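In our numbering, the protein residues as written are 6 to 245. Take a look at the structure below.
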Ligand code: SF4
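Put into structure tokens, the structure is as follows:
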């Protein structure tokens with residue numbers, strides 16, 4: 006499998022658990038604000054899933070997070086890594102952009118996934134421009150995946166990186182209305198310093214207060230979900 010990094014200890018990638026994170030290479034989107042895009046192209050290594058798992062220092066990890074890139078682009082390796090992690094007794098979280106839901110449904114059917122964090126990038130009519138991917142297709146996928154997770158007792162988080170100028174309050178309202186059945190909705194702070202496209206480096210970062218206001222707006226449409234705002238320094242739970 007192709008990976009571009011492993012973090013042995015993270016306290017922010019799996020709620021309430023210390024986790025190890027594996028970053029799988031390759032992505033079928035091209036988000037201008039991605040802070041892994043160039044890193045992924047430059048630092049990819051080829052290893053077997055077993056070698057990957059064995060190279061994690063598991064001294065503190067209570068869960069395994071598989072991130073990317075888009076992990077579902079390497080379905081066989083992804084499944085093998087999940088099997089190894091589950092066999093060793095670790096809960097598994099998958100970070101995904103939601104493009105390959107049949108692969109994720111197969112992992113769910115085989116009880117290999119406990120938690121999915123699904124990126125919802127923007128209002129669906131902006132998807133083509135921001136990610137180079139068809140928005141209507143992605144919306145259909147996401148709604149199907151949320152329902153599938155709910156039916157199968159897999160925790161589903163939807164999350165949006167809020168990029169001022171490129172998106173606004175209307176995007177958050179449309180997203181919140183669409184993903185209203187998820188367990189958790191997270192609005193994350195855009196990081197201009199590490200964006201790979203120059204035009205995104207010039208966009209200002211949103212303030213924590215702006216994110217909190219957007220979080221509060223989203224709660225009106227997310228009656229059954231928790232809402233969290235993540236800035237660079239803090240994580241804030243938004244009560245309705
Ligand atoms: S989907 Fe994620 S990994 Fe892929 S380009 Fe967008 S932000 Fe980067």
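No residue lacks a Cβ here, since even glycine has one placed at the ideal position from N, Cα and C. Since the model is a prediction, treat every value here as computed from it, not as a measurement.
Assign residue i to buried or exposed, taking buried as 16 or more other Cβ atoms, counted over all protein chains shown, within 10 Å of its Cβ.
| i | result |
| --- | --- |
| residue 146 | buried |
| residue 60 | exposed |
| residue 75 | buried |
| residue 109 | buried |
| residue 136 | buried |
| residue 46 | exposed |
| residue 179 | buried |
| residue 65 | exposed |
| residue 100 | buried |
| residue 157 | exposed |
| residue 105 | buried |
Can you name the residues that DSSP bridges to residue i?
| i | result |
| --- | --- |
| residue 167 | 194 |
| residue 101 | 123 |
| residue 72 | 28 |
| residue 64 | Answer by DSSP bridge pairing: none, since residue 64 is not bridged. |
| residue 109 | Beta-bridge pairing links residue 109 to no other residue. |
| residue 189 | 162 and 231 |
| residue 51 | 7 |
| residue 22 | 19 |
Taking only heavy atoms of the ligand SF4 into account, decide whether any of them is closer than 6 Å to the Cβ of residue i.
| i | result |
| --- | --- |
| residue 42 | yes |
| residue 103 | no |
| residue 140 | no |
| residue 34 | yes |
| residue 10 | no |
| residue 39 | yes |
| residue 74 | yes |
Go to residue i, then tell me how far its beta strand (DSSP E) extends in each direction, as first and last residue.
| i | result |
| --- | --- |
| residue 19 | 7 to 19 |
| residue 120 | 120 to 124 |
| residue 240 | 240 to 243 |
| residue 232 | 231 to 235 |
Suppose the cutoff is 7 Å on Cβ atoms and the five residues either side in sequence are ignored; what does the same chain contact list for residue i look like?
| i | result |
| --- | --- |
| residue 240 | 233 |
| residue 235 | 191, 193 and 194 |
| residue 89 | 54, 55 and 58 |
| residue 226 | 178, 181, 182 and 185 |
| residue 219 | 167, 174, 177 and 192 |
| residue 211 | 167, 169, 194 and 195 |
Whose C-beta lies closer than 8 Å to the C-beta of residue i among residues of the same chain, with five residues either side of it excluded?
| i | result |
| --- | --- |
| residue 40 | 196, 199, 200 and 201 |
| residue 175 | 128 |
| residue 67 | 19, 22, 23, 24, 95 and 96 |
Please work out which residues of its chain come closer than 6 Å, Cβ to Cβ, to residue i, disregarding the five sequence neighbours upstream and downstream, and give them in chain order.
| i | result |
| --- | --- |
| residue 82 | 6 and 54 |
| residue 160 | 120 and 188 |
| residue 72 | 26, 28 and 100 |
Where does the unbroken alpha helix (DSSP H) through residue i begin, and where does it stop?
| i | result |
| --- | --- |
| residue 133 | 132 to 136 |
| residue 140 | 140 to 156 |
| residue 87 | 80 to 92 |
| residue 213 | 213 to 224 |
| residue 205 | 203 to 206 |
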